[in-house]
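In my numbering, the protein residues as written are 19 to 537.
Just so it is clear, CB atoms sit at the ideal spot from N, CA and C, and this is done for glycine as well.
The model shown is predicted, which means the values in this text are computed figures rather than measured ones.
Below you can see the structure in the form of structure tokens.
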């Protein structure tokens, strides 16, 4: 294994300069569509939205669209595929500031279950539940009066379950029938005020998973679990008190073994920098890591959401358009995609949209399909829907990337690589500098300058591909070849057919490109 890793460390990129039409990214949208224009006023944007996908591949979306000049929103249901949508306004007086909007598809019959808050102010507000069958909305059912924040799930019989806030408690609404519920106060420690974050119900095990905040403005992040809905076990995910009420971005999901993971956006104060945290429950406590930001100048990780695919790999989207650029590129920022084979290593990343994430990145994996619904672009906010196709675990793939996009001279550039596949081929790594000079990493572990595509020697020849996803090289920005200048650098990586000429484009893997900038 040591020899294999040493050989692999000699591997990286291939030149894209002459082959712009052949550049691939690990994720390219199959389609991107704009569901709706939003408003520019921060308090009146489409912040409340959700989606799910049925077994036929039809996408079902619900969102709250502010009515111009009025303090109300329309609840809009949309369904479609390939970027073509049919929209229906199912309520003309939904609560403008609600974050209780949800949709879940029951895969047993493809019925679509939705919820939202109707009307604007107590005592008129109430939680509405509807079932949509064959794209036709059914009657509205009032679950409870009050505009409390709410999260919805389905039990094993396809009936809706809710967790709702109260004045000083969280309450579980268990179904008695399709349209009636009984409520019970969750047995939690006494706090000043609770704020529901997320709710997941595992129908296979009958386990309830809930996350919440425990204060009024700045919250600790807490997890509660129950096997019966009566007795709850509590554990602390993060006790920093940095879960900010106005940036309350969290996620809660299960891996393929039913293990819970939770994430939060950790607010910055005193110029300490923001970050996205991801935790895994280990026994009675949480192992928590920083997966974005975390440095004094970083504002990254806003709106982060995660999903696990059928092979057990992790996928995530979040905003990376900080005040001091780390991974953002361009005045509109970027939405970043992150991949991890195990939930531990999150270095594989890619900018997938040339605009910021102004709201939560709602994400779902369905087979090889990866979906994203997000309020994007601070310049001209819109509700975007994107669909990607994931590579399978045995697809030939080789990508090298830096640990961030922007560097000061003297900073260390850490290079990471992802390699997988079932083929045998030659591995190439090439870098082009701001002056279009081309360097390749040779089998002698040294960087060589060349102007001839066919003079490039593979870093590894005739190697059988294997699974690798880790750090492999450090280079000092501004002083070490090939990154010994200032400006934009492109990193290219590809696996070519064994002994084939590079300009013959006998690529076994897509040709990947990543960019970094040295100031």
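| request: Could you pull out every unbroken beta strand (DSSP E) segment of at least 3 residues lying fully inside the region 436–498, listed in chain order? | output: Complete beta strand (DSSP E) runs here, min 3: 442–450, 456–459, 465–468, 478–482, 486–494.
| What is the DSSP secondary structure of residue 59, reduced to helix, strand or coil? | By one-based count along the chain shown, residue 59 stands at place 41. DSSP places residue 59 in coil when its eight states are reduced to three.
| message | Within 10 Å of its beta-carbon, does residue 83 have 16 or more other beta-carbons around it, so buried, or fewer, so exposed? | response | Counted from its first residue, the chain shown places residue 83 at position 65. Result: buried.
| field | Cβ contact (3+ pairs, closer than 8 Å) linking the region 381–401 and the region 418–427 | value | These segments do not touch.
| Apart from the five residues on each side of it in sequence, which residues of its chain come closer than 7 Å, Cβ to Cβ, to residue 311? | Taking the chain shown and counting its residues from 1, the one referred to as residue 311 is at position 293. These residues qualify, in order along the chain: 291, 292, 293, 294, 317, 318, 319.
| Quick one: what's residue 82 bridged to in DSSP? | Numbered from 1 along the chain shown, position 64 holds the residue referred to as residue 82. BP columns for residue 82 point to 93.
| field | N-terminal and C-terminal residue of the beta strand (DSSP E) that residue 397 is part of | value | One-based indexing of the chain shown puts residue 397 at position 379. It is not in any beta strand (DSSP E) - residue 397 carries neither H nor E in the DSSP assignment.
| Collapsed DSSP secondary structure at residue 300 in the structure displayed | Numbered from 1 along the chain shown, position 282 holds the residue referred to as residue 300. DSSP, read as helix, strand or coil, puts residue 300 in strand.
| said: Is the beta carbon of residue 374 closer than 8 Å to that of residue 322? | reply: The count along the chain shown starts at 1 and reaches residue 322 at position 304. The count along the chain shown starts at 1 and reaches residue 374 at position 356. Their beta carbons are not under 8 Å apart, which means residue 322 does not touch residue 374 by this criterion.
| request: Please name the residue or residues paired with residue 182 in a DSSP beta bridge. | output: Taking the chain shown and counting its residues from 1, the one referred to as residue 182 is at position 164. Residue 182 is bridged to 168, 189.
| Applying the criterion that 16 or more other CB atoms from any shown protein chain within 10 Å of the CB defines a buried residue, is residue 91 buried or exposed? | Taking the first residue of the chain shown as position 1, residue 91 is located at position 73. By the neighbour-count criterion, in which 16 or more other beta carbons inside 10 Å mark a residue as buried, residue 91 falls on the buried side.
| field | Span of the beta strand (DSSP E) around residue 117 | value | Numbered from its first residue, the chain shown carries residue 117 at position 99. Here residue 117 belongs to no beta strand (DSSP E), and DSSP marks it neither H nor E.
| request: State yes or no: is the C-beta of residue 107 nearer than 7 Å to some heavy atom of the ligand NAP? | output: In the structure on display, the ligand NAP does not appear, and there are no ligands present to speak of.
| task | Report the residue from 460, 48, 296, 64 whose alpha carbon sits nearest the alpha carbon of residue 55. | result | By one-based count along the chain shown, residue 55 stands at place 37. For residue 55, the closest C-alpha among the options 460, 48, 296, 64 is that of 64.
| message | With three or more C-beta pairs closer than 8 Å as the rule, is the region 213–228 touching the region 194–202? | response | No: the two stretches stay apart, fewer than three of their Cβ pairs being nearer than 8 Å.
| query | Between which two residues does the beta strand (DSSP E) containing residue 505 stretch? | reply | As a first step, residue 505 is located in the chain shown; it is residue number 487 there, counting from the start. In the DSSP assignment, residue 505 falls within the unbroken beta strand (DSSP E) covering 505–515.
| request: Please check if any C-beta of chain B sits within less than 8 Å of the C-beta of residue 501. | output: Within the model displayed, chain B is absent; a lone protein chain is all it includes.
| query | Which value, in whole angstroms, describes the spacing of the CA atoms of residue 517 and residue 480? | reply | Your numbering for residue 517 matches position 499 in the chain shown. Your numbering for residue 480 matches position 462 in the chain shown. Straight through space, the alpha carbons of residue 480 and residue 517 are spaced by roughly 8 Å.
| Does the separation of the CB atoms of residue 536 and residue 493 fall below 8 Å? | Within the chain shown, residue 536 is the residue found at index 518, counting from 1. Within the chain shown, residue 493 is the residue found at index 475, counting from 1. It is not a contact, given that the beta carbons lie outside the stated cut-off.
| field | residue 203, enclosing beta strand (DSSP E) - first and last residue | value | Reading the chain shown from its first residue, position 185 is the one you call residue 203. If you look at residue 203, you'll find it in the beta strand (DSSP E) that goes 199–203.
| query | So who's on the other strand from residue 280, going by DSSP bridges? | reply | Start at 1 with the first residue of the chain shown, and residue 280 comes out as number 262. 270, 297, per the DSSP bridge assignment.
| task | Indicate the three-state DSSP secondary structure (helix, strand or coil) for residue 521 in the structure shown. | result | The residue labelled residue 521 in the question sits at position 503 within the chain shown. Correct three-state label for residue 521: helix.
| query | From what residue to what residue does the beta strand (DSSP E) around residue 145 run? | reply | Numbered from 1 along the chain shown, position 127 holds the residue referred to as residue 145. Unbroken beta strand (DSSP E) run through residue 145: 144–151.
| First and last residue of the uninterrupted beta strand (DSSP E) at residue 239 | Indexing the chain shown from 1 puts residue 239 at position 221. Taken as a continuous stretch (DSSP letters only), the beta strand (DSSP E) holding residue 239 covers 236–244.
| field | residue 396 versus 108, 450, 353, 240, residue with shortest Cα-Cα distance | value | The sequence position of residue 396 within the chain shown is 378, counting from 1. Each of 108, 450, 353, 240 was checked against the Cα of residue 396, and the nearest Cα belongs to 353.
| task | Buried or exposed for residue 467, please, with buried defined as at least 16 other CB atoms from any protein chain shown within 10 angstroms of its CB. | result | Stepping through the chain shown from its first residue, residue 467 is reached at position 449. It counts as exposed.
| query | Can the beta-carbon of residue 179 be found closer than 8 Å to that of residue 171? | reply | Here the question's residue 179 lines up with position 161 in the chain shown. Here the question's residue 171 lines up with position 153 in the chain shown. For residue 179 and residue 171, yes; Cβs fall inside 8 Å.
| Helix, strand or coil for residue 254 per DSSP? | Numbered from its first residue, the chain shown carries residue 254 at position 236. Residue 254 falls in the strand class under three-state DSSP.
| task | Could you check the C-alpha separation between residue 21 and residue 393 for me, to the nearest Å? | result | Position 3 of the chain shown, counting from 1, holds the residue named residue 21. Position 375 of the chain shown, counting from 1, holds the residue named residue 393. With a pLDDT of 33 at residue 21, under the threshold of 50, the modelled position of this residue cannot be trusted; read the value that follows with caution. Each residue's Cα considered, the two are about 47 Å apart.
| query | So residue 133 is in the beta strand (DSSP E); what residue range does that whole segment cover? | reply | As a first step, residue 133 is located in the chain shown; it is residue number 115 there, counting from the start. Counting along the chain, the beta strand (DSSP E) containing residue 133 begins and ends at 129–136.
| task | Compute the Euclidean distance between the alpha carbons of residue 347 and residue 372, then round it to the nearest angstrom. | result | The residue you call residue 347 lines up with position 329 of the chain shown. The residue you call residue 372 lines up with position 354 of the chain shown. Answer to the nearest angstrom: the Cα atoms are 8 Å apart.
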